[in-house]
Structures are given as structure tokens and as C-alpha cells.
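Chains D, G, Z and Y are the protein sequences, given in the same order.
FYI, the working numbering numbers position 211 of the first sequence as 239, with every residue one higher than the one before it.
FYI, the working numbering numbers position 64 of the second sequence as 92, with every residue one higher than the one before it.
FYI, the working numbering numbers position 50 of the third sequence as 78, with every residue one higher than the one before it.
FYI, the working numbering numbers position 176 of the fourth sequence as 204, with every residue one higher than the one before it.
There are 4 protein chains.
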Amino acid sequence: MSVNSFGRLSRFTTWGESHRPALGAVVDGCPPGLELSEAWVQTFLDVRRPGQSKFTTQRKEPDQVKLLSGVFEGRTTGTPISLLIENVDQRSKDYSEVAESYRPGHADYAYDAKYGLRDYRGGGRSSARETASRVAAAAVGRLVIPEVSIRAWVSEIGGDAINPDNFDAAEIGRNPFFCPDAEAAVRWEKLVDEIRLAGSSIGAVVECEATGVPAGWGAPLYGKLDADLAAAMMGINAVKGVEIGDGFAVARLTGEQNADPMRPAEAGPEFLANHAGGIAGGISTGQPVRVRVAFKPTSSILTAVESINRAGESAQVRTKGRHDPCVGIRGAPVVEAMMALVLADHKLLHRGQCG
Amino acid sequence: MSVNSFGRLSRFTTWGESHRPALGAVVDGCPPGLELSEAWVQTFLDVRRPGQSKFTTQRKEPDQVKLLSGVFEGRTTGTPISLLIENVDQRSKDYSEVAESYRPGHADYAYDAKYGLRDYRGGGRSSARETASRVAAAAVGRLVIPEVSIRAWVSEIGGDAINPDNFDAAEIGRNPFFCPDAEAAVRWEKLVDEIRLAGSSIGAVVECEATGVPAGWGAPLYGKLDADLAAAMMGINAVKGVEIGDGFAVARLTGEQNADPMRPAEAGPEFLANHAGGIAGGISTGQPVRVRVAFKPTSSILTAVESINRAGESAQVRTKGRHDPCVGIRGAPVVEAMMALVLADHKLLHRGQCG
Amino acid sequence: MSVNSFGRLSRFTTWGESHRPALGAVVDGCPPGLELSEAWVQTFLDVRRPGQSKFTTQRKEPDQVKLLSGVFEGRTTGTPISLLIENVDQRSKDYSEVAESYRPGHADYAYDAKYGLRDYRGGGRSSARETASRVAAAAVGRLVIPEVSIRAWVSEIGGDAINPDNFDAAEIGRNPFFCPDAEAAVRWEKLVDEIRLAGSSIGAVVECEATGVPAGWGAPLYGKLDADLAAAMMGINAVKGVEIGDGFAVARLTGEQNADPMRPAEAGPEFLANHAGGIAGGISTGQPVRVRVAFKPTSSILTAVESINRAGESAQVRTKGRHDPCVGIRGAPVVEAMMALVLADHKLLHRGQCG
Amino acid sequence: MSVNSFGRLSRFTTWGESHRPALGAVVDGCPPGLELSEAWVQTFLDVRRPGQSKFTTQRKEPDQVKLLSGVFEGRTTGTPISLLIENVDQRSKDYSEVAESYRPGHADYAYDAKYGLRDYRGGGRSSARETASRVAAAAVGRLVIPEVSIRAWVSEIGGDAINPDNFDAAEIGRNPFFCPDAEAAVRWEKLVDEIRLAGSSIGAVVECEATGVPAGWGAPLYGKLDADLAAAMMGINAVKGVEIGDGFAVARLTGEQNADPMRPAEAGPEFLANHAGGIAGGISTGQPVRVRVAFKPTSSILTAVESINRAGESAQVRTKGRHDPCVGIRGAPVVEAMMALVLADHKLLHRGQCG
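Next comes the structure, spelled out in C-alpha cells:
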């Protein structure tokens, strides 16, 4: 089974490296007749696009998408949709040092150990640039689930969390941090700027909520909605943890505390809590689907770290390329994309089996 | 793609419900020539088996495995291995009340919403009994990776964590909690007994470590070792969170704090830290692979919870069947099983692509 | 991807050898709510069952199926359906000679070359007994496509073909050859009996037609209905050729001769010919889906054939076990089964993508 | 599972339509370290390229491939290889008539029935132009199996077969028909030219042989080498029949006649015949793997055929675009490509399971 594809019925495959001419995605299984344009895909790519503030990598990529197949007269035809994004602003010479030495915490050593060679420029295939392909693919996936609304936000940077009482969805798009708490956004501006100036990096937590998901999506036991979400999120660059609903907090609770009571309501049951994050037994319950995702600080920092080179000798590694001081920030649109892709797939899967 | 199968090259499919005559697994893709016997599989089933202490469900299941295919003269033949476990101690009448009402937090409502009907006896397909199939399948998977040692333990129950300084691997098998800290085991005995007597339930955290995994297993980008582990663990009954390495803690760190420096050593690089949990870029680094898994308190409790019945009317639900007061305890061997299954699959996958 | 599974959404996995205690199938992805009983599955197994006439193997197997999961109160639950068939009439000692020498034309040598060992008793995994699992799985698949009628028949044995003018569907079930031509059946009785008495074997052609398949099933380009049928049929033991519609005959025609003209009719177009066998561009057209399948004579014959043994030395091999003199005869229900399984899968796949 | 992907470990996905800007393939699972260049891929595309003689479509496509990813410093990196081919010589206006009416025998009606819309220009996704993607993908696949030699040829056009005694492999590349019999090539020149001038089309048979395949590739029972080949070949545009080895001829033989006796030889067994086409029980035997494939005459002919239009009304359809008078001719390099792709996949699959 392809290790560069994701999904079952609505399935996408990505390809491309950071410093080759282009990267892209092929989306297969999309239902026919949906309105799809380059402009629509571009909308989402623009949100993720680097270089829009000083808090993300300064690589300037227009990330203009080309829609090469699968659409006729503005509508999907049911055949594969090829999306291509050219790489424009490569500066490969930045990476000469990395060619020979392994950045600790980066995929350098692991790639070499696996393949015996690697495209070291900008991280090659392991670059976060690949997430542009996911965002483009998800723009298609979103068309499959018009009944669902998805939003992701950064809820914590370097341990400094938002105040839930300040949560304002409209605020998310108003600051460079996808932060729903205007006060936190102010604090983070200072925090991330210090990190950036120090040539350091910092971790973050992204949260995502999908509302409008009907009860019944997902499938026991190895196609569980939460398991697929876990794979989708953990597979994003720099992610080290995934929680559904209350996540690790439930490990400290009793069954009474963790219960999500139901009572009758007009349109299906009304839930009085959502510790479960909208999923039970791997199947959606009709409540909002909630995920939390932990991003590590990127390993590309200016401080020298003890490492080795390809010859196995001792080396000190500093990473001079252009990097995100807090890669979790641009993780928010990627988390949103993966949520859309998983839900679109499960909608079709459910329709296939259950009609 | 089958939603009841897991893995790529070494792939298993499970089937069966809690109160039907049997359940089982079919393991496909196992290399030929490996020594395999019912006794070997039984060893692992016995560790997971219920009813061995008062801290797990009192259902008495011998969980005797039958090895029905794929073995000839004591060795695997490369053909599918069918493992069957009979259900013996069903008491279906315990579930008469659940037939009509939905246990909040359980999969009851979600299954009905999806399929329009469900086998409610003991949770049917959503019962934790299915994990016996995983443990049996993993006994085969372990044969594929003799170079790897795996151990899982409970590190926290209801918020009461072990003291890392007390960690003693030998202790794990000596108490009914898979607890590596003898002092914590004493505290937990009291804690879980109280929960049990109260007809309540409580959450737990399980940790798992695999040593001996060489660098190079795993595959970017949608076959990442950590993503597959996340899916494997999140798909276990009652799991709500998965961390690789330091998990959510890294979201609070800087790049300097999170670095895993390397220095030359005889057999590949020596790492000076393992924040990454042995995986970088989705590929193993040669360090121990570490996972943390959060189990919720089972939703089957004796306290009445507000709910609805199949007709959509208000109902109070108490669950009278035999249940684990802390389902995370028996989660430890299941986490270990899923770790083995993922690693076995990735070993073969790596060998297939990279020789 | 599992090499012992077939299908995409409606997917089945088979396991088991000829001389182990049992064999079976796990059917995944079946829609919920369908009426399913052991008796229904048995109906189809009984048609395929060996030992019912002197023209098939004399191994007496009741082929009683056990339905172990996935059904509750007589209806499918949407969870995997485990079907188990015990082996009863094994005579393993018949195979002592085969243990050491390779039957030419049989899978013996290939299995040893691949796996380094094999269960030689009765062909082990390569035995035609495995097709019982397919027939059982197809009994489930048929429930998914009540709109479709499928019938298969033997159209040729040893080069002696039926007369199409004599075709009588009702005749198929009245003779031991699944022969729709009463006159041919009389001839074949003599022909196959001679082959049987001579300890020889003979080839046959099976044809299959599915009516009621609506236009639109199938999927370009690597999920084509005809490609999936080709894989399904070519994968049956002893099959060496597959044709869709007119098959190889079209290679001799011009475009005018091969056209399937259409004209308006009440329910969709009326086709004036069906050279295409009901499939164009990999998608069903609404016409009957027609397949022809060539079965070789089984390689198990009493005449000594030059061969080698496991040590690589010269050996003369005669096969003394109980075998079908014309394995194509019992191929008819298996071809029918594979047709049902492919169509059921594509119905769900189409529904998933196109609603 | 993606319906636009093929293969298990070495898996490719194709995308693109006849009259959109480009088409291409993404090849996943390729081993690292193999030398790969655009020039290498171009070699094979040039063999299949249209417009090289009057016997193929007059569409002039340079079919220049761009290698967009997965290669670094001239070697494969183990990451997905994206191959893109631009469409240059589209004349969409040729298809105005086809937009409204269905060409009998073509995929027009089936696509509309399935998707409710279609890109009718040049057949859209169902165009034989898609096979360029397969040929490009196979150029990568060939690198995986340097031990194997593959050649395909046209053995029959319109019922006029080559004389096996005249078989000369060197002749295949010397005439525009991939014909190994110089005499037949002369006859075909006249035959196909007449068909072309009449605006008609004609069927053909392509044969393919792979030598150097070691014993042991393939996998029972739903990953059989012959079943995968059957799917691969039947999925090529215009194919209606597939035979392995002697194919349908074996249905007329006895077991004695069909035996492939073996005798000891230095490097494994020597086979005295190859009725089986190099495959037994779904696994290669070490003999040449032989396949025969039947191509229908393309349905695009100038003679008016009775049909219907999208409104369901009667229509006479003549197809005025540029077409192959004998699409089977250019089928030869495509059959060769699919053979390479299937073998490459099974080599890796075998290595994965059996080491």
C-alpha cells in the first residue's frame, strides 16, 4: 500500500520536495459534479502560505496552484484531480552544511539510515512545504462535506495558553497566530519575536473542532474515525501528540466525571457534555469532533548542537536556512486540512457501506 | 479497504463479538519458516486474560486459542494464520436493559446511528474482548521482530503516577496492575478497590517502550511509523490520547531544550536524549521507541446516568454487567501487542522497499 | 496490502488449507440489516460440494458452514462476518509421495521456491478446497446485489462445446456438469467418465452472465469492472484465460463488426448487440455482463510425468490422491461466486463515490 | 482504495485527460539509489509515441516527460516520483458532435451513466493517451527488475497471425507494427492501410514474454502473479481478453498434454514445456512469463452507427477525430509496461515477506 497516500475512498497522494521544481497532490475518489476552481483551492493555500509575517519562515512562495485534471467546465468529473504547486524561492546553497551533517531532531539521520541517500536541501521530502499539498487536497475534500464546518486555532505557544473565556472565533483570522484570544495574541507577539531573534524555536498546541458531523461516520475497528484522525494528525511534520476530546485529562477521571449524558431533543439526542470529542466506539456521535495536537519546536535552530556527520564523526550543527520560529502556527491550517480530509473520506465510506 | 484489518505487508483482520460463539484474527503476510505454536500465542493471551484478579472484569474466559491454518510441522508457511478464541462465559441476560437504552459514553448510540441495529450483548463488536484478537495476532507479529524487546506498563491510574525513580521492569509482572513501581502498586490496590466497590471506573495511562528497533523503519509521509502507532493506539477501546516521546510536553519547550544531540559511537550514533521517542520524520532513529496512551474510565458504571432509549425517550442508565473498574490496566498488554504489530509490519515494509 | 483478501469496500479474506482442521472466510464491509443465515450460505456450498457425482473428486466433505460473527437476530450488523467450514475427510497419507517430489504443473515447486517449505497435503493452501471459502463469501455478497441475477455454466469440455441453440438455463441444474445443453451433457458423461477411468484429467470453459447490473458500476482506470473481473477469475485455481464479452474473437473484427449500436428505449438505451460483454471503459453499460473462463486440466494425473524431487534429483511423479477429472466443472459455481463478489464490491464503491 | 492506482509495494497513480494541459503518474515505493533520468523515461515514451507512422493516430504529441520529484543527483531517493507529460496537440473542436451523442462501443455512455457528466474531448479520462502515464511509470518499474528482460509484440491483426517459424526478435523494432515476422509486417502494411483509408478500425493480439523472472514471485491467493497480470492487461484500453501461457487452448487438453515436465539442471529445474506460461499456483516458476492480450478494434470509426444522444433520442454517430486504425499496435509497448510494473511490484512484495 502506498506510503504517500492517505484515505480509503477519498484518497490523496502527495509528491514533491522542498527544493525541486514543484510539489503536488493527486486526489482520487472525489464525487462528480462538485464546483471546483483554482481560486477555491488558492483561498486555503493563501492561509497557510509562508512569509506573510515575521513569525513564519521568510521563504517567499506564492504557492500558486494549478489544477491539471479531473475538472470539466468547472465541475469535478469523478476522475483524479491533479494539483501542482511550483517551488519558486529555493535557496539551496543555504543547506551546504546540512548536506554533510545531521541536524539533531531533524529527519536527516533517519532518512540516510533508511535510504542511504537524501535530498538534504530544505529537508527534501521531510520539509514542511509538503503540507501545502495537504492543504490543496483538503480544499477538494471540503467540497465533499458541505454540511461540516471546521476551524482550527493555536491554543498554546511555549506553554502560554489562551484563556478559554476570551475565545472569539472571529479573532482567529485577525492575528498572525491563528489565535482566538486577542490578549494571548499580544503576549505571543512578544514571545515568538524573542524566539525568532534568538534564532531559537518553540512548541505549540493546535486545536480543531468540526461541527455538523452527523452521527454514524467512522467504522470499527481499524477504520475508527478517531484512529484515522490520530494517524492524520501525528503524520503532520513536528507533531508529537494527539488527543481526541479531553484526551489525557480523562485518564485522571472517574466514569461519573467522564460521562456525556444525553437527553431527548428534537433532532436526535442532546448531549450535556462532550468529553468524548464527538466520537464513541470509533463512530461520530453528532457532537462536535474535537482534536488537540502538539507541535514540537522545530529542530532548525541557530545554536550549535552536538551531532555527527555522514562519516560518523563528531560535528557541531547550526541551521542557517529560513525557518519557522514556531512551526505550530502554520500547523493550524494543516490540522484543519487533515480534519477535512478524514471526514470527507469517512462520509463516502459510510455512504458506500450503509447507503 | 477493509475497516477491520490493520497493517500493510504484515496485516491482520479481526472478527467477532463479545457474546457470539467465538472471535478471532487472520494474520496475513507472515514470513515463512517461523516457529509458531498455540502455546506461544497462549502465553500472551494469558497475560491479558480477564478474571485473574478482582481489579479486572469477573468474566471468566479461558481464552484458549486454536491455530487453524498457516502452520505446518510447527512452522509458518507464509499463508494466512487463522487464530480462533471461543467465548465461554457469556451472560447475555445481563444486558437486557442496555438493549433498549444507550449507555452514555459507550458506543451504543453511535452503532445504532450508523447501522440501524447492534448486537448489544456485552458491547458486541465494540467490546474490549476484541482486544484478545489483537494480542493473539501480535504473538505472531513478535516472531517477525526477534531483534526487538517490547514492554508496556501502567504509569498512572486516576492521576496517581508512578515515581520514575522506582521504575523496576521486573516488578511489572508481579502485581495485578502491570505497575513497575512497587510503592505505586500498593496505593493503586486501595484506589482501584474503592472504585470497584463503588461500581465506578477510573482512567489510566499506559506507557510502552520498544528497544532494539534499528534506524530506518517507517516511511514518509503517510506511512510514518509514529502515525501508524498513533492509529494503532487510538484504535484501542477507551483510548483518547497518544503521545510519541515527550508528546505534549514538547509543545512547551524551545528547540534547544528539545534537541536530541548525537555523538559518534561504535554502533551508529549515540543519542544524548530521546525527546523524540525514537522517531524522526516518521522513521526510526535506532533509539527506543516510546509511546504514552491515555485510557478513559470505562463508561459502564453502576451510577445512573441521564440518557435516552431507542425510541428517543428519556432514560436513566446503570450498567449491571461485569466490567473492568480500570480498563487501562488490561490495556497494557494490548498496547504492547499493537506496538509489536506496527513494528513487524514496518520491518517487512522496509525490507520490501529497501532490501 | 493483504494478498489473501479481495475487494475494496466489500472485501473478504480467506484462510485455510486442505488438510488442516478448517478453512474459512471473513467478509468485511457488508451493509447492515441484510437477512443472513447459515442455511442461505449452505445452499451455495451444496452446489459446489465435492463427491456428489463420479465426475468430481470422491473426497466426501459435508462443507457445513458455521456463521461465527457479524449477524444478530438474523441480520447482518455491518461488522465482519466470519464463516468457518471444517475439513472432515482428509486422507493425508495419500500425499506421502508428493511430499518429496514436485507434481509438474502443480504449485508444489513454486511454493517451495517461494517459501522454502509447504504443506503438501492435498495441495495445502493451493488446493481447490479454498474455493469453498469464496463460495461462502459470495453468499453474503449476493445479498448486497438483489437486483442482479447471475448464472454460470460449463460451455465446453475438452474442446467439445455446447450448441448455443440448445441453451436451456433450466438444464444447468439437472446434470452433474452445469451444462445448459442436454445433448452435450450426454456426450460429456461419456467423455469425462473415460478421462476419469484413465486416471487422466481434462480442461473446460466456463461462462457466466450477470443480468440486472445497472449502468455505472466500475471505475476507471485501475478499478475497472472488467479488470477486477479478470483478476477475480484468473485467481481461481486452474484458470489460464479470461474473456469479457466476445474476448479474443474481437481481435479479428473491424470496428463496424464490433459495434454495439444503441437506440432509444423506455428504460435507458436499448443495445442491438453485446460484443462488449456489458462493460465499456471499465464501467457497466446496463447490458448483461458476460465472462468466459478457461480451466486447464488438473495436473494431478495417474500417468507418471518426469519431474524432480526436493533434493533436485530426477523423479517420476504420479498423483494418487482423489481429484477432479475435470476441475472446470466445479469451477462453474466458483466463477459465479467471484462474479457476485466483484459486483457487490462495485455497487458499494459506486454508491460511496457517486451517492 | 484508490481506483486510479495500481500495485501494492511499488504502486503508481495516474491522472489526466486527453485534452487538459497535462497528464502524469506518481510512482510510489521505488527503492532508493537507482539511476533515473528523464532521458531514460523518454526512451520508452518515444516507442509508444503517436504520429510516428500513418498506421497510428495522427495526433502529434512530443510526449516529453518532466521528472518533478523523487530523484536527487540522478538517483531515486525512495520518495514518490512525479512524472508529467504535457498535452500539446489537442484539437478539441473535433469532438463537438461527440459532446452530445454517445459513440457506440466507446465509454461515453458509461461515463455519463456513472458520473452524470464527462469530459468528452478525445475521450477525456478514457482516452488511450492515459497509457503514456503507464509507460512512463514502467520506465521506473524496469529499474527495479534489472534481472528481467521483457518484450512484447503484435502477433495477429484482424485474424492474420504471424508465422511462429519466422519469429525474429530483432525484427520487432524495424517495422511500425511491433511485428517479429517480416513477412507478416508486409501483409499488415496493406491490411492496416486499407482499414485506415476506409475510416475503419481493426483488432489485434499482443503477446508479451518476460525472461529472467526467478521462481517465487507472486503470492497466493488474491495476490497471484497471474491474477495481477490479468487485471493489469484487462485494464488497458480496448482489451477484452487475457491469457497466461497457453490460455484457452488448455481447455481442450488432457492433463498429460498440458504437463510441463521438469528435469534436474544446474540452475534449478529445467522445464520441458511451458504451457503454464511460467506461473503455477499464482507464483512464478522460473520459466518465461507469457501473456496474450486481445485488443478490440477501436470504436471510433467514420461509418455512421445507430446510437442515442444525451437526451435519449436517436442519433447516428460518426467519429471524426484522429484515431488509431489499429489501437492494438500501440498496445504492445503498453502491455510491456504493465508487465514490468506487475513484476517490479511482486519482486518487492516477495522480498518484503520472504527476505
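Cβ coordinates follow ideal geometry from the N, Cα and C atoms, glycine included.
Note that the coordinates shown come from a computational prediction; the quantities given were computed from them, not determined experimentally.
{"query": "Per DSSP, what kind of secondary structure is asparagine 337/D in: helix, strand or coil?", "result": "strand"}
{"query": "Tell me, please, whether the region 285-294 of chain Z touches the region 324-341 of chain Z by the rule of three or more beta-carbon pairs shorter than 8 Å.", "result": "no"}
{"query": "Go to tryptophan 216/Z, then tell me how far its alpha helix (DSSP H) extends in each direction, as first and last residue.", "result": "210-225"}
{"query": "Between the Cα of proline 242/G and those of Ala138/D, Ser124/D, Leu112/D and Ala372/D, spot the shortest distance and give me the residue it belongs to.", "result": "Ala138/D"}
{"query": "Can we count tyrosine 130/Z as close to the ligand NAD, meaning its CB is less than 7 Å from some heavy atom?", "result": "The ligand NAD is absent from the structure shown, which contains no ligand whatsoever."}
{"query": "Could you give the DSSP three-state label for lysine 94/D: helix, strand or coil?", "result": "strand"}
{"query": "Any beta carbon from chain Z within less than 8 Å of serine 33/Y's own beta carbon?", "result": "yes"}
{"query": "With distances taken from CA atoms, which of Gly227/G, Pro208/G, Ser228/G and Pro204/G is nearest glutamate 217/G?", "result": "Pro204/G"}
{"query": "How many whole angstroms separate the CB atoms of valine 172/D and leucine 376/D, which I take to be in contact at a CB cut-off of 8 Å?", "result": "7 Å"}
{"query": "Give me the residue from Ile109/Z, Ala295/Z, Ala67/Z and Pro174/Z with the minimum Cα distance to leucine 96/Z.", "result": "Ile109/Z"}
{"query": "Is the CB-CB distance between isoleucine 230/Z and alanine 212/Z below 8 Å?", "result": "no"}
{"query": "Quickly, what does DSSP pair valine 55/Z with across the bridge? List them, please.", "result": "Phe40/Z and Ile109/Z"}
{"query": "Note down, in chain order, all residues in the region 142-155 of chain Z with a beta-carbon under 8 Å from any beta-carbon belonging to chain G.", "result": "Lys142, Tyr143, Gly144, Leu145, Arg146, Asp147, Gly152 and Arg153"}
{"query": "Could you spell out where the beta strand (DSSP E) holding cysteine 236/Y opens and where it closes?", "result": "232-239"}
{"query": "If glutamate 341/G sits next to proline 297/D, beta carbons under 8 Å apart, how far is it from one beta carbon to the other, in whole angstroms?", "result": "The Cβ separation is near 11 Å, so there is no contact."}
{"query": "Which whole-angstrom value describes the C-beta separation of alanine 160/G and leucine 73/G, a residue pair presumed to lie in contact below a C-beta threshold of 8 Å?", "result": "6 Å"}
{"query": "For chain G, find out if any of its Cβ atoms is closer than 8 Å to the Cβ of tryptophan 43/Z; answer yes or no.", "result": "yes"}
{"query": "In this structure, does DSSP put glutamine 285/Z in helix, strand or coil?", "result": "helix"}
{"query": "Would you tell me roughly how many angstroms separate the C-alpha atoms of isoleucine 399/D and arginine 131/D, rounded to the nearest one?", "result": "Here chain D comprises residues numbered 29 to 383, so residue 399/D is not present and cannot be evaluated."}
{"query": "Rounded to whole angstroms, what's the CA-CA distance from glycine 383/D to alanine 308/G? Just pull it up for me.", "result": "41 Å"}
{"query": "Should phenylalanine 276/Z be flagged as near chain Y, meaning a C-beta pair shorter than 8 Å?", "result": "yes"}
{"query": "Taking the alpha helix (DSSP H) that serine 161/Z belongs to, which residues open and close that run?", "result": "159-172"}
{"query": "State the beta-bridge partners of threonine 104/Y as determined by DSSP.", "result": "Val99/Y"}
{"query": "Once the 5 residues before and after threonine 105/Y are set aside, which same chain residues still bring their CB inside 8 Å of it?", "result": "Pro60, Gly98 and Val99"}
{"query": "Should isoleucine 264/G and valine 363/G be called a contact, given that it needs their Cβ atoms to be closer than 8 Å?", "result": "yes"}
{"query": "What did DSSP end up calling aspartate 188/G once you bin it into helix, strand or coil?", "result": "strand"}
{"query": "Against chain G, which members of the region 90-119 of chain Y pass a CB distance test of less than 8 Å?", "result": "Gly106 and Thr107"}
{"query": "Output, in chain order, the set of chain Z residues within a Cβ distance shorter than 7 Å of glycine 57/D.", "result": "Gln381"}
{"query": "Measure the Cβ-Cβ separation of arginine 379/Y and glycine 169/G and say whether it is below 8 Å.", "result": "no"}
{"query": "Keeping to the same chain, check which residues put their C-beta closer than 8 Å to that of threonine 71/D; ignore five residues upstream and five downstream.", "result": "Ala167"}
{"query": "Could you name the residues of chain Y that leucine 51/D contacts, counting a contact when the two beta carbons are closer than 9 Å?", "result": "Leu96, Ser97 and Ser110"}
{"query": "For aspartate 196/D, which residues of its own chain have a beta-carbon under 8 Å away from its beta-carbon, when the five flanking residues on both sides are left out?", "result": "Pro208, Asp209 and Ala210"}
{"query": "Relative to the C-alpha of leucine 225/Y, which residue among Thr84/Y, Gly187/Y and Ala260/Y is closest?", "result": "Thr84/Y"}
{"query": "Rounded to a whole number of angstroms, what is the C-alpha to C-alpha distance between glutamine 118/Z and methionine 366/G?", "result": "37 Å"}
{"query": "Does the beta-carbon of serine 81/G have 16 or more other beta-carbons within 10 angstroms, so that it is buried, or is it exposed?", "result": "exposed"}
{"query": "On a Cα-Cα basis, can you pick out the residue from His351/G, Val345/G and Lys324/G that is closest to serine 124/G?", "result": "Val345/G"}
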